[in-house]
Structures are given as structure tokens and as C-alpha cells.
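Contents: one structure, followed by commentary.
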Amino acid sequence: MELLLFILPLFFALSVLIIPKQGVRAYGIIGSLAVLGVVIACMMQYNNDGTTHYFVNKPWLAGITLSFGYDGISLLMLLLTAVLVPLILVSNFKNELAENRLFTSMVFFMQLGLIGVFISMDGLWFYIFWEITLIPIFLISWWFGAPERKAALMKFFIYTFVGSLAMLAALIGIKVNAPTFYIEDLKAVTFTCKTACWLAMGFFLAFAVKIPIFPFHTWQPDTYTKSPMAGTMLLSGIMLKMALYGMIRWMIPLFPEAVACLQWPVIILATIGVVYGAIIAIKQKDMKRVFAFASMSHVGLIAAAIMVWDFDALSGSMVQIVNHGLVAVGLFLAVEIIERRTGTRNLADLGGFAKQAPKFAFWFAALAFASVSVPLTSGFIGEFLMLKGLVQFDMIAGIVAGTTLILGAVYTFRAYQLSMYGPVTRDQFADLHWSELVVLAIIILAVVILGVYPALITDFVNPSLKVVLETLSTPSGL
9 MELLLFILPL
19 FFALSVLIIP
29 KQGVRAYGII
39 GSLAVLGVVI
49 ACMMQYNNDG
59 TTHYFVNKPW
69 LAGITLSFGY
79 DGISLLMLLL
89 TAVLVPLILV
99 SNFKNELAEN
109 RLFTSMVFFM
119 QLGLIGVFIS
129 MDGLWFYIFW
139 EITLIPIFLI
149 SWWFGAPERK
159 AALMKFFIYT
169 FVGSLAMLAA
179 LIGIKVNAPT
189 FYIEDLKAVT
199 FTCKTACWLA
209 MGFFLAFAVK
219 IPIFPFHTWQ
229 PDTYTKSPMA
239 GTMLLSGIML
249 KMALYGMIRW
259 MIPLFPEAVA
269 CLQWPVIILA
279 TIGVVYGAII
289 AIKQKDMKRV
299 FAFASMSHVG
309 LIAAAIMVWD
319 FDALSGSMVQ
329 IVNHGLVAVG
339 LFLAVEIIER
349 RTGTRNLADL
359 GGFAKQAPKF
369 AFWFAALAFA
379 SVSVPLTSGF
389 IGEFLMLKGL
399 VQFDMIAGIV
409 AGTTLILGAV
419 YTFRAYQLSM
429 YGPVTRDQFA
439 DLHWSELVVL
449 AIIILAVVIL
459 GVYPALITDF
469 VNPSLKVVLE
479 TLSTPSGL
């Protein structure tokens, strides 16, 4: 059954190219729901003891193994991907992209690459699927993005490609001393602290670009802005999560010796990104750029919490990964709704829409509260656990990172107030279409359910986090 995780996205990616144009919308949604069904089936059969369930694990070619499996961490990432893809497709139901065969095909190819990243237990396959995800998102943005997209996308491509090459070089550096690229063989290799740091930096560069962590973020604002909204949703909602996952699955477990020398530099850079992203978000006039920098701020906190390598911080980071994926898609959909109806994202040209579209104003407000992690939303427990871990690690780092609670409220409600209230700037502003309402309602419902009962995530993922922590011994004692 697990092979359907590969087969279904590939089948729908190819078959959608030959079906009639008028059937593309429904076909894409059906295909994405089929993948979701397989992921749920995998979760139901997983015994949740924290160990990795391998459905393929055998030698293949010259040190490369066919090693694919999942644990609670992988399954949570698979579920997030499988939930967000149909939501993204439904959110574009009124958009002409929904009828475009190439767009829908690229979304499924993207999903295939993401699934491969989350279940690969061989380093080379992890790298291959990591690279595969770059192709469809680049093509989606190149074909369907803003007219001035080319410079931004070339910058994005160069950044990510160089980062990926650094990771490949590090993988090869480990493989020289290991019989295969199988993750357990790679973990068994020991290095001096200096060598481990250099190799870990290869992985870190790839992950820091994709997350992104300050100062490797300069590709992000323009790429998010120039990409079609569906591309931005894929980038922010799902694709950057590959790097956060990679830190937990690959970077730290492969190089425990490097934690002592990389821990502080990474936490400092990530914390700078938290504050920098939030401050720049406050100053933006383009709503899409507001939430692009906001995304950078939020994921910087997640990256810092992961590097603390504390159980509570890791548990909180997994909750926040899910929360950020859901809320980011919702916020970018809110921006898309405004742009569809007004033709602009400039906050100076917006206002008064709450009177004309009360349903939209309500759901947008709910997203805003979810974004700032108020109690009873999934972000609250995630940020609490992450900040708890950071404060225990270092009080100053925790306090600086905690400024996201205040700054996040400023940029989020500034964008909401300027767009929803004040003088009416348009004669007409249609309220939510059913497809938009469905997506926003599902996102908010999920955020509230997970906020009230976060154990739905923590009970599922914590056994796997414990296994990772128990099997990892570092010089710093983490």
C-alpha cells in the first residue's frame, strides 16, 4: 500500500495532461484526496512506538539503497502535505489556473518530491527528491507568475541550487567512510569535531536557504511576491518544512559532534531572523510581502527551537510546523481574495471591506488571531513549548525570540486593520465564494481543534522524537 505514496502523485501528474480541460479542477481535487487517503491509511497502521517502519529496505546500486519508511515525524509531515495540497487546489477553484493541466501536473510532481523527501531513509534518495521539488515550483512560478518574475526566480534557483550542492558535497564526504548512503550507516560514521562541523555546514547551508534563515533569506520576498499565489502557498505552507524536517532527521543526527560548535551560531542567526523579519513585515506596504517576512520570522523561531535539541522544544516545533503550514496558506489565500477583487495588494489602496464582506472579515480575523498564537489555537502551545526550551537554554535568546509575540501582533493586525476597516475604497467587494469559505473554515477548524487538543500531534510524534533523542549522544550533552 505504501508504494501508492509514489504511484498516485506520479499517475495523476501524468494523466491530468491528457484529460479534457473542463475536468481538470475535479480531477486534481480527486487525486489529491486519494493521496490523503493513503497517508491516513499509513498512519492508522503505524504502531506509533517511535521506530521507523520500512516498507522497502534493500541494497540497490553501488552503495545506494532502496530505503523508504516512516515514523511519527515523517507521517506528520506527510499528513500536512496531503492536507494542504487539496486545500491549495480548492482555493484556486475560481482562478483560471484551476483549469490548467500543466499547473495541476506540476502540483502533483511537487507532491511526489515532498513525499520522497519525507520517507527517504537513504541520503542520496533524500537529495534526489529534494532536488525534484525545485523543478515544479520553479516552473509554476516561471509559467504563471508576475511579468517581472524572471530575475527573482533566477535568484531563487541559484540560491537553492548552490545550497543543494553543498549538501551533496557533505553527503559524499560522509559516504567516503560509510558502506552505503543508508541513514543508519551514515550515522555510524564518526568524525572529529572540526570535520563534523564542516560537513554539517553543508547540510545547514541547504536548509538555511530553504527555510530561510537570516542572512540566506534575500531570495524569499521577491520570489513569494512574483510567484502565483498557489506557488507562494506551496513554498510557504509545505516546501520550507522540508528543511526543518531535514534538520531533525539528517543534520543533527548525522553530526552530533557538530552540535557544540554550530548550536550557538545557528540559534543567533535564527533569532536575528525572528526579529528582523517581524520588523521588516511591519514596514511593508504590499500585503504579500508582509506575510512573506512574517513567515521568515515564524520559521526562524522554529529553527532556533530545533537547535536547542530539547524534547519540549522539539515537540513544540512539530506543533508549530503544522500550525505555520495551515495559517500561512490561509493568510496568503486572504491576500489572494483581496487581489482578485481589487487588482492590488497595496495597503494604502485598501480599506472598508469588512462592511462589504462580513464573512471574509470574520474568517480573516480568525486567521489573524491564529497567526499571533492566541490561546486555544495550535500556535499557542507550539510557541509556548519552543520558547520554554529556548529560555531554559539561554534566557536572553528566549527573551529576544519571544519578541515575536508582540511584533507578530503588530504587523498582522496592522494589515488586517488597513484592509478591512477605514474608508470604503471600492464600490463593490464580493464576499466569499464557496470554495474560499470551505478552505478558510477547514483551516480555522483544524487550528482550533489542535489548539484545544494539541495531544493529537504531540502524542503521535513524541515517541519518535524520544527515539531520536535517546539514540543521539553529543559532546554538549544534549
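Here the sequence shown stands for residues 9 to 486, where the numbers follow the working numbering. Beta carbons are placed, not taken as given, at the ideal position from N, Cα and C, and that holds for glycine.
Per DSSP, residue i is paired with what?
{"i": "His-61", "result": "Tyr-78"}
{"i": "Ser-381", "result": "Ser-381 is not bridged to any residue."}
{"i": "Thr-73", "result": "Pro-67"}
{"i": "Asp-294", "result": "Asn-354"}
{"i": "Ser-427", "result": "Per DSSP, none; premise fails for Ser-427."}
{"i": "Ser-128", "result": "Phe-76"}
What first and last residue would you give for the alpha helix (DSSP H) that runs through residue i?
{"i": "Ala-289", "result": "267-291"}
{"i": "Glu-192", "result": "191-195"}
{"i": "Tyr-35", "result": "32-53"}
{"i": "Asn-470", "result": "463-478"}
{"i": "Arg-157", "result": "157-183"}
{"i": "Glu-444", "result": "442-460"}
{"i": "Thr-231", "result": "228-234"}
{"i": "Ile-256", "result": "Premise fails: Ile-256 is in no alpha helix (DSSP H) and is neither H nor E."}
{"i": "Ala-238", "result": "237-242"}
{"i": "Ala-208", "result": "201-218"}
{"i": "Glu-391", "result": "386-401"}
{"i": "Ala-362", "result": "361-364"}
{"i": "Leu-187", "result": "In the sequence under discussion, the amino acid at residue 187 is Pro, which differs from the Leu named in the question. Neither: Pro-187 is in no alpha helix (DSSP H) and is coded neither H nor E."}
{"i": "Leu-18", "result": "12-23"}
How many whole angstroms separate the CB atoms of residue i and residue j, which I take to be in contact at a CB cut-off of 8 angstroms?
{"i": "Ala-390", "j": "Val-327", "result": "The question names Ala, but residue 390 is Gly in the sequence shown. Confirmed, Cβ separation roughly 4 angstroms."}
{"i": "Met-85", "j": "Phe-126", "result": "4 angstroms"}
{"i": "Glu-444", "j": "Leu-341", "result": "7 angstroms"}
{"i": "Ile-221", "j": "Val-418", "result": "Between Val-418 and Ile-221 the Cβ distance is about 22 angstroms, and since that is not below 8 angstroms, they are no contact."}
{"i": "Thr-59", "j": "Lys-66", "result": "Rounded, the Cβ-Cβ distance is 18 angstroms, inconsistent with contact."}
{"i": "Gly-39", "j": "Leu-16", "result": "7 angstroms"}
{"i": "Leu-92", "j": "Val-456", "result": "Their Cβ separation, rounded to whole angstroms, is 17 angstroms, which puts Leu-92 and Val-456 out of contact at 8 angstroms."}
{"i": "Leu-41", "j": "Pro-94", "result": "6 angstroms"}
{"i": "Leu-355", "j": "Ser-427", "result": "6 angstroms"}
Tell me the rounded alpha-carbon separation between residue i and residue j.
{"i": "Val-476", "j": "Pro-261", "result": "8 angstroms"}
{"i": "Asn-55", "j": "Met-247", "result": "27 angstroms"}
{"i": "Gly-406", "j": "Met-394", "result": "9 angstroms"}
{"i": "Leu-334", "j": "Ile-96", "result": "10 angstroms"}
{"i": "Glu-104", "j": "Phe-19", "result": "23 angstroms"}
{"i": "Leu-22", "j": "Glu-107", "result": "15 angstroms"}
{"i": "Lys-296", "j": "Asp-193", "result": "44 angstroms"}
{"i": "Ala-238", "j": "Ser-149", "result": "9 angstroms"}
{"i": "Phe-137", "j": "Arg-434", "result": "46 angstroms"}
{"i": "Gly-77", "j": "Val-380", "result": "35 angstroms"}
{"i": "Thr-240", "j": "Leu-87", "result": "19 angstroms"}
{"i": "Phe-212", "j": "Met-175", "result": "8 angstroms"}
{"i": "Trp-442", "j": "Pro-383", "result": "28 angstroms"}
{"i": "Gly-485", "j": "Tyr-135", "result": "Residue placement at Gly-485 is flagged as unreliable, the pLDDT there being 38, under the threshold of 50; the coordinate-derived value follows with that caveat. Whole-angstrom Cα-Cα distance: 29 angstroms."}
{"i": "Val-168", "j": "Arg-157", "result": "Residue identity check: residue 168 is Thr in the sequence provided, not Val. Computed Cα separation, rounded: 16 angstroms."}
{"i": "Asn-470", "j": "Ala-196", "result": "24 angstroms"}
{"i": "Met-9", "j": "Ile-451", "result": "28 angstroms"}
{"i": "Asp-439", "j": "Leu-464", "result": "33 angstroms"}
{"i": "Leu-473", "j": "Asp-318", "result": "10 angstroms"}
{"i": "Leu-453", "j": "Leu-122", "result": "25 angstroms"}
{"i": "Ile-414", "j": "Gln-364", "result": "30 angstroms"}
{"i": "Ile-314", "j": "Ala-321", "result": "7 angstroms"}
{"i": "Ser-303", "j": "Ala-362", "result": "25 angstroms"}
{"i": "Leu-448", "j": "Ile-345", "result": "11 angstroms"}
{"i": "Thr-198", "j": "Val-274", "result": "22 angstroms"}
{"i": "Leu-358", "j": "Ser-99", "result": "22 angstroms"}
{"i": "Ala-177", "j": "Ser-305", "result": "29 angstroms"}
{"i": "Gly-2", "j": "His-332", "result": "Since the first residue shown for the chain is 9 and the last is 486, residue 2 is missing from the structure and cannot be characterised."}
{"i": "Ala-34", "j": "Gln-119", "result": "17 angstroms"}
Would the C-beta of residue i count as close to the ligand NAD, meaning under 7 angstroms from any of its heavy atoms?
{"i": "Ala-321", "result": "The ligand NAD is not part of this structure, which contains no ligands at all."}
Residues in the same chain with beta-carbon distance under 6 angstroms from residue i, minus the five sequence neighbours each way, listed in chain order, please.
{"i": "Phe-468", "result": "Gly-80"}
{"i": "Lys-102", "result": "His-441"}
With a threshold of 7 angstroms on Cβ separation, who are the neighbours of residue i within its own chain once the five nearest residues in sequence on each side are excluded?
{"i": "Phe-215", "result": "Ala-251, Gly-254, Met-255 and Met-259"}
{"i": "Ala-409", "result": "Thr-279, Val-282, Leu-309, Ala-312, Leu-395 and Leu-398"}
{"i": "Thr-112", "result": "Val-24, Val-32 and Gly-36"}
{"i": "Leu-277", "result": "Ile-221 and Phe-222"}
{"i": "Ala-376", "result": "Thr-420, Phe-421 and Tyr-424"}
{"i": "Leu-110", "result": "Trp-151"}
{"i": "Pro-462", "result": "Val-327, Ser-386 and Ile-389"}
{"i": "Trp-68", "result": "Leu-74"}
{"i": "Arg-349", "result": "Phe-437 and Ala-438"}
{"i": "Val-460", "result": "Leu-384"}
Take residue i and list the residues in its own chain whose beta-carbon comes closer than 8 angstroms to its own, dropping the five residues that flank it on each side.
{"i": "Pro-483", "result": "With a pLDDT of only 39 at Pro-483, under the threshold of 50, the placement of this residue in the model should not be trusted, and no figure is reported."}
{"i": "Phe-146", "result": "Leu-161, Phe-164 and Phe-165"}
{"i": "Phe-189", "result": "Gly-71, Ile-72, Thr-73, Asp-130, Gly-131, Leu-132, Trp-133, Leu-179 and Lys-183"}
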